[in-house]
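A.B. asks: Provided herewith is a single structure, encoded as structure tokens, for subsequent inquiry.
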Amino acid sequence: MRLALDQAKAAAEGGEVPVGAVVTRGGVVLAAARNRMRDLNDPTAHAEMVAIRAAAEALGTSRLDGCDLWVTLEPCAMCAGAIALARISRLYFGAADPKGGGVIHGARLFSQPTCHHAPEVYPGIGEEGAAALLQDFFRARR
Numbered sequence: 237m238r239l240a241l242d243q244a245k246a247a248a249e250g251g252e253v254p255v256g257a258v259v260t261r262g263g264v265v266l267a268a269a270r271n272r273m274r275d276l277n278d279p280t281a282h283a284e285m286v287a288i289r290a291a292a293e294a295l296g297t298s299r300l301d302g303c304d305l306w307v308t309l310e311p312c313a314m315c316a317g318a319i320a321l322a323r324i325s326r327l328y329f330g331a332a333d334p335k336g337g338g339v340i341h342g343a344r345l346f347s348q349p350t351c352h353h354a355p356e357v358y359p360g361i362g363e364e365g366a367a368a369l370l371q372d373f374f375r376a377r378r
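In my numbering, the protein residues as written are 237 to 378.
Pasting the structure below:
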């Protein structure tokens, strides 16, 4: 999660909402990414999406079985859908997102009967640091 938090800090420094994500398999980092929506002019360039794409490229497959995704913020419904489609085995996330989350809030995608794959979910990992980054980022913009 430390590497994901570092990515989130880099996102904030670049004017992006501070969210970072890392994909690992067997303790080996396959991809590390940050939010890049403004940077790439791409509304789908959430940290999770960028990391999943990079990990899939690194492995040469769209199936990320046995991979863990570490994210500083609860994934939105779009990212939760990508996590399910990629067959991520375990999802660890920091801060909960009551307004935009799609895992334990909002759509709760993994608990829907139409979701064909649900990872093991571990919320609250590094929550304090992730929440502080987000709060500081938005406080500075108000």
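Think of the CB as a built atom: it goes at the ideal place given N, C-alpha and C, for glycine as much as any other residue. The structure presented is a predicted model; accordingly, all values stated were derived computationally and were not measured.
#1: Tell me the DSSP secondary structure of residue 342 in three-state form.
#2: Just mark residue 333 as buried or exposed, buried being the case when its beta carbon has 16 or more other beta carbons within 10 Å.
#3: Between which residues of its own chain and residue 343 is the CB-CB distance below 6 angstroms, once the five residues before and five after are set aside?
#4: Taking 6 angstroms as the limit between beta carbons, can you name the residues of its chain near residue 248, skipping five residues before and five after?
#5: Which word fits residue 322, buried or exposed, when buried means at least 16 other C-beta atoms lie within 10 angstroms of its C-beta?
#6: In the DSSP assignment, find the unbroken alpha helix (DSSP H) run with residue 372 in it and report its ends.
#7: Is it a yes or a no for the stretch 304–313 touching the stretch 250–270, going by three-plus beta-carbon pairs under 8 angstroms?
#8: Going by other Cβ atoms of all chains shown within 10 Å of its Cβ, with 16 needed for buried, is residue 355 buried or exposed?
#9: At a cut of 8 angstroms, does the stretch 292–302 reach the stretch 257–271 through at least three beta carbon pairs?
#10: To the nearest angstrom, how far is it from the Cα of residue 345 to the Cα of residue 315?
#11: In chain order, what residues of the same chain lie with their CB nearer than 8 angstroms to the CB of residue 278, ignoring the 5 residues before and after it?
#12: Straight-line CA distance for residue 319 to residue 371?
#13: Could you check the C-alpha separation between residue 287 and residue 243 for me, to the nearest Å?
#14: Would you tell me roughly how many angstroms separate the C-alpha atoms of residue 358 and residue 240, rounded to the nearest one?
#15: In its own chain, which residues sit with a C-beta less than 8 angstroms from the C-beta of residue 301, not counting the 5 before and 5 after it?
C.D. replies: On the basis of the data shown:
#1: To locate residue 342, count along the sequence shown from 1; it is residue 106. Residue 342 falls in the coil class under three-state DSSP.
#2: Within the sequence shown, residue 333 is the residue found at index 97, counting from 1. Label assigned to residue 333: buried.
#3: As a working mapping, residue 343 is identified with position 107 in the sequence shown. Counting only Cβ-Cβ distances below 6 angstroms, and skipping sequence neighbours, we find 313.
#4: Position 12 of the sequence shown, counting from 1, holds the residue named residue 248. Only 254, 373 meet the Cβ criterion.
#5: As a working note, residue 322 is residue 86 in the sequence shown. So residue 322 counts as buried.
#6: In the sequence shown, counting from the first residue as 1, residue 372 sits at position 136. Note, residue 372: alpha helix (DSSP H), 363–377.
#7: yes
#8: Position 119 of the sequence shown, counted from the first residue, corresponds to residue 355. Buried, by the Cβ-count rule.
#9: yes
#10: The sequence position of residue 345 within the sequence shown is 109, counting from 1. The sequence position of residue 315 within the sequence shown is 79, counting from 1. C-alpha separation (whole angstroms): 10 angstroms.
#11: Numbered from its first residue, the sequence shown carries residue 278 at position 42. Only 272 meet the Cβ criterion.
#12: For the purposes of this step, residue 319 is taken as the residue at position 83 of the sequence shown. For the purposes of this step, residue 371 is taken as the residue at position 135 of the sequence shown. Their backbone Cα atoms lie some 26 angstroms apart in a straight line.
#13: Translated into the one-based positions of the sequence shown, residue 287 becomes position 51. Translated into the one-based positions of the sequence shown, residue 243 becomes position 7. Using only the alpha carbons, I get a separation of about 11 angstroms.
#14: Residue numbering aside, residue 358 sits at position 122 when the sequence shown is read from its first letter. Residue numbering aside, residue 240 sits at position 4 when the sequence shown is read from its first letter. Near 15 angstroms, if we compare the C-alpha coordinates of residue 240 and residue 358.
#15: Taking the first residue of the sequence shown as position 1, residue 301 is located at position 65. Excluding sequence neighbours, residue 301 sits near 323, 325.
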